[in-house]
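Novice: Once you've had a glance at the structure underneath, I'll fire off some questions.
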Amino acid sequence: MSLLVLDPGPLTTVQDRGRPGWAHLGVPVAGVLDTVSAALALRLVGASPEEALLETTVGGMSARVDGARWMAVTGADGPLTIAGRPAPRHTAVWVPDGAVVEVGAAARGVRAYVAFAGGVAVEPVLGSRSTDTLAGVGPPVLRAGAVLPLGVPSGSPTGVEAPGPVARRRSLRVWPGPRRDWLAPGAWEQLLATSWSVGAASNRVGLRLQGAGVPRREGEIASEGMVAGAVQLPPDGQPVVFLADHPVTGGYPVVAVVDAGDLPVCAQLRPGERVTLRPARR
Amino acid sequence: MRCLSMGPKALLVETDGPWRSLALAELARAEDWAVDVVPAAATVLLDGVRDPEEVRRRVVSEPVAATPPDGPTVRIPVTYDGPDLEEVATRWQVDSEQVVARHTSVTWVALFTGFAPGFGYLATKETWPSVGRRSTPRPRVPAGAVGLADRWSGIYPAETPGGWQLIGRTEVVLWDALRADPALLTPGTRVRFVAR
């Protein structure tokens, strides 16, 4: 009833819905970035929504599954093999005892979600099994040779749900941020009119947007609390959208906030892809 | 105090300083206004606000007093042999014994956390001279290092880079994620340093 990691790929972590409620002690919420795909993977294998699963980053991963069970891979698109045979994503597939599961590199999107019936049952830390890549709370990033316990399957797999793969939307809805007044005249319009390029340094902490710098007031603000989706504007005018592992406080003005419903889109944007910001409406 | 929206589910309340932030955060936490209540130097973030309109009304109509909390006091033994002790003494034009005497003579309060899990920003209501950060931060500051910066004092919970002036060290564990109360210095905790 465990998973032996053979190749963790560039970055694979254990994630669940994160650990809200600890920000005042400096602990990021963490948790899955693409909440929609992760919830779907868990539902497909009959796991409950609070169970943990694996989140891969672009390059995929491979592992040997000890203890036959259902699994499902959602999110980023790409190949999947079980014991060397091609298997479909976005549906529950049976893994025989001792089979090697190979999640291939993402052809579209960034993050694949690999769920097993029973969930990944590492010991929770502060109420969550999520790896927080910023502050280091929770289980370590997956390494070759690591053994992860799997839980006892409780539910039964969901049948042939036909969910679409990763969302292809290329715009993010934004609310005006608390420090929108730090923008120079006309800069809000520029923020919304720009076709932003996703920066290569994007990670679980933040999605970096590159383009002609948005002009803002000079100076600094005293560090203040940050939320997931906060669009910070450093002096160079290149916005950073904070994701699940964001620092709990920050000193750059938050000029906009990406709607929570579009954070899963942020999770799947690849470096170099284009994205625009558009006003959110109630 | 001004209430600013940070998206549909969060409010950023501006305060007149960290003591007011702490008092408001304690009220918000006691009354469960939000999932996450994050005090900072001049703001309190309420993330996952349960009733934004009610919170706005309360913040405007019922100002909180910026008095130091009377919570429990944590005593922290410190060996005052930090590499910047002499530098701080020189800047204050005193000798290093007097730096130690000052640091151990006032009551500190953890006002908010920043920088790393369990790193409490400690301030005192008593007279306290400012001291600038190091011009070049150290790439590695050991866990337990006791430092000063501006009018703050703080203890590094884990080995990290850092630019504070280091005056001593303690063996007290500041942060342990596996404890029920992971941080020793939660916002509102009073601290007395004891020389050893």
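Chains as they are written, first to last, in my numbering: chain A, 6 to 287; chain B, 14 to 209. The beta-carbon is built from N, C-alpha and C at its ideal position, and this holds for glycine as well. Here the structure is a predicted model, which means the values were calculated and not measured.
Inspect the beta-carbon positions of L177/A and V263/A and report whether they are closer than 8 angstroms.
Specialist: Position 172 of the first sequence, counting from 1, holds the residue named residue 177/A. Position 258 of the first sequence, counting from 1, holds the residue named residue 263/A. Contact: yes.
Novice: Classify A41/B as buried or exposed, calling it buried when 16 or more other Cβ atoms lie within 10 Å of its own Cβ.
Specialist: Mapped onto the second sequence, residue 41/B falls at position 28. A41/B should be labelled buried.
Novice: Starting from the beta carbon of A140/A, find every residue of chain B whose beta carbon is closer than 7 angstroms, and list them in chain order.
Specialist: If you number the first sequence from 1, residue 140/A lands on position 135. By Cβ distance, chain B contributes A129, P130.
Novice: Starting from the beta carbon of L131/A, find every residue of chain B whose beta carbon is closer than 7 angstroms, and list them in chain order.
Specialist: Counted from its first residue, the first sequence places residue 131/A at position 126. Simply A190, P195.
Novice: When the Cα of A104/A is compared with those of R48/A, V146/A, G72/A, M66/A, which residue comes out closest?
Specialist: As a first step, residue 104/A must be located in the first sequence, where it is residue number 99. Residue G72/A is the option with its Cα nearest to A104/A.
Novice: How would you label T136/A, buried or exposed, when you count the other beta carbons within 10 angstroms and need 16 or more for buried?
Specialist: As a first step, residue 136/A must be located in the first sequence, where it is residue number 131. T136/A comes out buried.
Novice: In chain A, which residues lie less than 8 angstroms from K22/B when you measure between Cβ atoms?
Specialist: The residue labelled residue 22/B in the question sits at position 9 within the second sequence. Per Cβ cutoff of 8 angstroms: V232, A265.
Novice: Is it buried or exposed for K22/B, if we count other Cβ within 10 angstroms and need 16 for buried?
Specialist: Taking the first residue of the second sequence as position 1, residue 22/B is located at position 9. Answer is buried; the Cβ neighbour count reaches 16.
Novice: Mind checking if D163/B is an interface residue toward chain A, Cβ cutoff 8 angstroms exclusive?
Specialist: Taking the first residue of the second sequence as 1, we reach residue 163/B at position 150. No, its Cβ sits nowhere closer than 8 angstroms to a Cβ of chain A.
Novice: Residues in the same chain with beta-carbon distance under 6 angstroms from C16/B, minus the five sequence neighbours each way, listed in chain order, please.
Specialist: Stepping through the second sequence from its first residue, residue 16/B is reached at position 3. Around C16/B: L24, V26, R69, V72.
Novice: Identify the residues that DSSP records as bridge partners of Q243/A: which are they?
Specialist: Taking the first sequence and counting its residues from 1, the one referred to as residue 243/A is at position 238. Paired residues: none, contrary to the question.
Novice: Quick one: which chain A residues come within Cβ less than 8 angstroms of G61/B?
Specialist: Along the second sequence, read from residue 1 onward, the residue named residue 61/B stands at position 48. Neighbours of G61/B on chain A, chain order: P25.
Novice: Taking only three categories from DSSP, how would you classify E110/B?
Specialist: Start at 1 with the first residue of the second sequence, and residue 110/B comes out as number 97. Three-state result, E110/B: helix.
Novice: My guess is that L196/A and A261/A are in contact by the Cβ rule of under 8 angstroms, so how many angstroms apart are they, rounded?
Specialist: Stepping through the first sequence from its first residue, residue 196/A is reached at position 191. Stepping through the first sequence from its first residue, residue 261/A is reached at position 256. So it is a contact: roughly 7 angstroms between Cβ atoms.
Novice: Going by alpha carbons, who is nearest to W32/B out of T103/B, V122/B, L161/B?
Specialist: Start at 1 with the first residue of the second sequence, and residue 32/B comes out as number 19. Cα-wise, what sits closest to W32/B is V122/B.
Novice: What separation, rounded to the nearest whole angstrom, lies between the Cα atoms of C271/A and A114/B?
Specialist: Taking the first residue of the first sequence as position 1, residue 271/A is located at position 266. Taking the first residue of the second sequence as position 1, residue 114/B is located at position 101. Straight-line Cα distance between these residues: approximately 52 angstroms.
Novice: Could you spell out the range, first to last residue, of the beta strand (DSSP E) harbouring W165/B?
Specialist: Counting from 1 along the second sequence, the entry for residue 165/B is found at position 152. Unbroken beta strand (DSSP E) run through W165/B: 165-168.
Novice: Given a cut-off of 8 angstroms on the beta-carbon distance, is the pair L268/A and G230/A in contact?
Specialist: Taking the first residue of the first sequence as 1, we reach residue 268/A at position 263. Taking the first residue of the first sequence as 1, we reach residue 230/A at position 225. The answer is no: Cβ separation not under 8 angstroms.
Novice: Tell me C271/A's beta-bridge partners as DSSP assigns them.
Specialist: Counted from its first residue, the first sequence places residue 271/A at position 266. DSSP lists no partner for C271/A.
Novice: Is it buried or exposed, S228/A, if we count other Cβ atoms within 10 angstroms and call 16 or more buried?
Specialist: Counting from one through the first sequence, the residue named residue 228/A turns up at place 223. By the neighbour-count rule (16 or more Cβ atoms within 10 Å), S228/A is buried.
Novice: In chain order, what residues of the same chain have a beta carbon less than 7 angstroms from the beta carbon of A285/A, not counting five sequence neighbours either side?
Specialist: Numbered from its first residue, the first sequence carries residue 285/A at position 280. Cβ within range, chain order: R178, V179, W180, D264.
Novice: What residues in the segment 212-244 of chain A bring their beta carbon closer than 7 angstroms to a beta carbon of chain B?
Specialist: A227, S228, E229, G230, V232, G234, A235
Novice: Could you work out which residue in M19/B, L197/B, A208/B, R209/B is closest to G31/A when comparing CA atoms only?
Specialist: Taking the first sequence and counting its residues from 1, one reaches residue 31/A at position 26. Ranking the options by Cα distance to G31/A, first place goes to L197/B.
Novice: Using a Cβ-Cβ cut-off of 7 angstroms (strictly less than) and excluding sequence neighbours within five positions of K138/B, which residues of its own chain qualify?
Specialist: For the purposes of this step, residue 138/B is identified with residue 125 of the second sequence, where counting begins at 1. Hits under 7 angstroms: P81.
Novice: Out of P158/A, T96/A, R116/A, state which residue places its alpha-carbon closest to the alpha-carbon of A122/A.
Specialist: Sequence index remark: in the first sequence, residue 122/A carries index 117 (1-based). Comparing Cα-Cα distances from A122/A to each of P158/A, T96/A, R116/A, the minimum goes to P158/A.
Novice: Tell me which residue opens and which closes the alpha helix (DSSP H) that V101/B is part of.
Specialist: In the second sequence, counting from the first residue as 1, residue 101/B sits at position 88. Note, V101/B: alpha helix (DSSP H), 98-105.
Novice: In this structure, how does DSSP classify G160/B when only helix, strand and coil are distinguished?
Specialist: Numbered from its first residue, the second sequence carries residue 160/B at position 147. The three-state secondary structure of G160/B, taken from DSSP, is strand.
Novice: Could you confirm whether any beta carbon from chain B is found closer than 8 angstroms to the beta carbon of G36/A?
Specialist: The residue labelled residue 36/A in the question sits at position 31 within the first sequence. Judged by the 8 angstroms Cβ criterion, G36/A is not in contact with chain B.
Novice: According to DSSP, is T96/A part of a helix, a strand, or is it coil?
Specialist: Taking the first residue of the first sequence as 1, we reach residue 96/A at position 91. T96/A falls in the coil class under three-state DSSP.
Novice: Do you know how far the Cα of A46/A is from the Cα of P150/B?
Specialist: Taking the second sequence and counting its residues from 1, the one referred to as residue 150/B is at position 137. Taking the first sequence and counting its residues from 1, the one referred to as residue 46/A is at position 41. Spanning the two alpha carbons is a distance of roughly 45 angstroms.
Novice: Of all Cβ atoms in chain B, is any one closer than 8 angstroms to the Cβ of T40/A?
Specialist: Within the first sequence, residue 40/A is the residue found at index 35, counting from 1. Cβ-Cβ to chain B under 8 angstroms: no for T40/A.
Novice: Need the endpoints of the beta strand (DSSP E) that W141/B sits in, please.
Specialist: As a position in the second sequence, residue 141/B is number 128, starting the count at 1. Unbroken run through W141/B: none, as it is neither H nor E.
Novice: Against chain B, with Cβ distances strictly below 8 angstroms, would W180/A count as a contact?
Specialist: Residue 180/A sits at position 175 when you count from the first residue of the first sequence. At least one chain B Cβ lies under 8 angstroms of W180/A.
Novice: List, in order along the chain, the chain B residues whose C-beta lies closer than 7 angstroms to that of P183/A?
Specialist: Here residue 183/A refers to the residue found at position 178 when the first sequence is read from its first residue. In chain order: L17, S18, M19, L25.
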